[in-house]
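Chemist: Residue numbers (the numbering used here): 215 to 662. The C-beta atom is built at its ideal place from N, Cα and C for all residues, glycine as well. In this text, all values refer to a predicted model and were calculated from it rather than measured experimentally. Before I ask anything, let me first share the structure, which is written out below as structure tokens.
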């Protein structure tokens, strides 16, 4: 089927200018303003990506985001384009937002759950805004620049954490002192590193520029030492899941076997080290014991309220079991009830019911499957980024099984990375389609 192109008719007649008529503004002036605003959107996306590594700037980050979102919506209205970009995760993501809102009236504290729902909406808006900005640029430069922002942010974060760890007297003997994120804690630091280390590895392996690769190696080494110095077992388990996930997605069974074997060896070595008096608190299972006890009470609430839950939000558990938690303060650490579920998926299940957890799991499964499938078919320059973000998602899910870390700047960074990956999928599909059309047209021309 032949394509028809309608060319505009050019008026070549010469008319006498009317000097008395007012001079109109240049036609290209609005377009210049539009171009400037689109550049502002791109730089804003990069800035928010970088600032995401510093939790104390979260409120400033939110104000900047909502300003950029308002500008983006004005641009969409002025240029008559649809700001909503369809993605493979639309159905579960928007379904989750809608369902959580429906469960708010049944919450233990509806006002609190509604405020937590608004935070969820803000995170979703970050994702769709990033999709809109990335799709408008349609080139691979902006995703690359996002990776640059991640590399630089990771270097600053890891460098600060290591210097602070040394200055506070941190040691390899035990985890009395632990590496922390700026004005935050070790939980946030280890989650940041779970998000960025797979991207840093991909950067080092695929980058051909020597100085850029050297920067990547430096950042990766700093991030690795910072992850060790954080002494957070949940972060280590997340990296184990990422390595296994990469091996399965890439079809490298030997790698999976080596990872499992190496992990067992490290675990045995750590236990042997603790027997000599070192790293005893690292191998002490009291936190897991306390988590299991807390999860049991959470699942008891799920049995009683399976459909709508008892209220979305991490503090709902504390509101329900405040008396029991206060009564456990004099008990041993392993016998105490924790003030929160320390599990994002359990929080969603207890807070908004079984439909919410189904939609929640569906979101992450769709992200991993979409990116990994396109990675196998892709031939683009950003192919590695697809697999890296799929691996990031596996680790982020694993990390959230041990604490509620899908919040604040961490959530913003995660959604920006997912948007970069999904836009790389669509960009490569369109690029391959254009290449196919070009080759077909050449064949047709050669026949004529």
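The alpha helix (DSSP H) that contains residue 273, what's its start and end?
Modeler: Run containing residue 273: 272 to 292, per the alpha helix (DSSP H) assignment.
Chemist: Taking the C-alpha atoms as reference points, what is the distance between residue 491 and residue 323?
Modeler: Answer to the nearest angstrom: the Cα atoms are 46 Å apart.
Chemist: Alpha carbon to alpha carbon, how far is residue 518 from residue 303?
Modeler: If I take the Cα positions, the gap works out to 30 Å.
Chemist: Between the region 337 to 348 and the region 622 to 639, do three or more beta carbon pairs fall short of 8 Å?
Modeler: These segments touch.
Chemist: Measure the C-alpha to C-alpha separation of residue 273 and residue 622 and round it to an integer number of angstroms.
Modeler: Distance between the alpha carbons of residue 273 and residue 622 is about 9 Å.
Chemist: So for residue 595, helix, strand or coil by DSSP?
Modeler: In the structure shown, residue 595 sits in coil (DSSP, three-state: anything other than H, G, I, E or B).
Chemist: Unbroken beta strand (DSSP E) runs of length 3 or more, entirely within the region 516 to 553: which are they?
Modeler: Qualifying beta strand (DSSP E) stretches: none in this window.
Chemist: Quick check: does the Cβ of residue 395 come within less than 7 Å of any heavy atom belonging to the ligand ADP?
Modeler: Of the ligands one can find in the structure shown there are none, so the ligand ADP has no counterpart to examine.
Chemist: Going by DSSP in three states, residue 463 sits in which element: helix, strand or coil?
Modeler: Reduced to three states, the DSSP call for residue 463 is helix.
Chemist: Check each candidate in 384, 366, 576 and name the one with the smallest Cα separation from residue 411.
Modeler: Checked all of 384, 366, 576; the closest Cα to residue 411 is 366.
Chemist: Helix or strand or just coil, what does DSSP make of residue 590?
Modeler: Here residue 590 sits in helix by DSSP.
Chemist: Assign residue 547 to buried or exposed, taking buried as 16 or more other Cβ atoms, counted over all protein chains shown, within 10 Å of its Cβ.
Modeler: The residue is exposed, with fewer than 16 neighbouring Cβ atoms inside 10 Å.
Chemist: Measuring CA to CA, which of 600, 625, 611, 608 is closest to residue 358?
Modeler: Cα-wise, what sits closest to residue 358 is 600.
Chemist: Residue 404 and residue 449: beta carbons closer than 8 Å?
Modeler: Yes.
Chemist: Tell me which same chain residues have a C-beta within less than 7 Å of the C-beta of residue 328, skipping the five on either side of it?
Modeler: Result list for residue 328: 318, in chain order.
Chemist: Using a Cβ-Cβ cutoff of less than 7 Å, which residues in the same chain neighbour residue 457 once the five nearest sequence positions on both sides are dropped?
Modeler: The answer, listed in chain order, is 473.
Chemist: Go ahead and pull the three-state DSSP assignment for residue 433.
Modeler: It is helical.
Chemist: What does a CB cutoff of less than 6 Å around residue 378 pick up in its chain, not counting 5 residues either side in sequence?
Modeler: Within the same chain, residue 378 has no close Cβ partners at all.
Chemist: Using a Cβ-Cβ cut-off of 7 Å (strictly less than) and excluding sequence neighbours within five positions of residue 376, which residues of its own chain qualify?
Modeler: For residue 376, where only same-chain residues beyond five positions count, the Cβ hits under 7 Å are 393, 436, 439, 440, 443.
Chemist: List the endpoints of the continuous alpha helix (DSSP H) containing residue 359.
Modeler: Element bounds for residue 359: 355 to 381.
Chemist: Distance, Cα to Cα, residue 556 vs residue 326?
Modeler: Their Cα atoms are separated by approximately 18 Å.
Chemist: Less than 8 Å between the C-beta atoms of residue 526 and residue 290, yes or no?
Modeler: Result no, Cβ atoms of residue 526 and residue 290 do not sit closer than 8 Å.
Chemist: Can you tell me whether residue 270 is buried or exposed? The criterion is at least 16 other CB atoms within 10 Å of its CB, across all chains shown.
Modeler: It counts as exposed.
Chemist: Do residue 278 and residue 295 have their C-beta atoms closer together than 8 Å?
Modeler: It is not a contact, given that the beta carbons lie outside the stated cut-off.
Chemist: Mapping DSSP to helix, strand and coil, what is residue 472?
Modeler: Helix at residue 472.
Chemist: On the three-pair Cβ rule with 8 Å, is the region 587 to 607 touching the region 454 to 471?
Modeler: With the cut-off at 8 Å, the region 587 to 607 and the region 454 to 471 touch.
Chemist: Look at the alpha carbon of residue 374 and the alpha carbon of residue 429, and state the distance between them as a whole number of angstroms.
Modeler: Using only the alpha carbons, I get a separation of about 16 Å.
Chemist: Between residue 590 and residue 409, what straight-line distance do the alpha-carbon atoms span, to the nearest angstrom?
Modeler: About 22 Å.
Chemist: What separation, rounded to the nearest whole angstrom, lies between the Cα atoms of residue 283 and residue 254?
Modeler: Going from the Cα of residue 283 to the Cα of residue 254 covers about 11 Å.
Chemist: Where does residue 323 fall in DSSP's three states?
Modeler: Of the three classes helix, strand and coil, the one that applies to residue 323 here is coil, per DSSP.
Chemist: In angstroms with no decimal places, state the Cα-to-Cα distance between residue 535 and residue 529.
Modeler: Answer to the nearest angstrom: the Cα atoms are 10 Å apart.
Chemist: Go ahead and pull the three-state DSSP assignment for residue 447.
Modeler: Looking at residue 447 - three-state DSSP - the assignment turns out to be helix.
Chemist: In angstroms, rounded to a whole number, what distance separates the CA positions of residue 330 and residue 313?
Modeler: Each residue's alpha carbon lies about 13 Å from the other.
Chemist: Taking all protein chains shown into account, decide if residue 485 is buried (16 or more other Cβ within 10 angstroms of its Cβ) or exposed.
Modeler: Counting Cβ neighbours within 10 Å, residue 485 comes out exposed, since fewer than 16 surround it.
Chemist: Confirm, please, whether the CB-CB distance from residue 567 to residue 611 is below 8 Å.
Modeler: Cβ atoms of residue 611 and residue 567: not closer than 8 Å.
Chemist: On the CB-based measure, 16 or more other CB atoms within 10 Å of its CB, does residue 573 come out buried or exposed?
Modeler: Burial call: buried.
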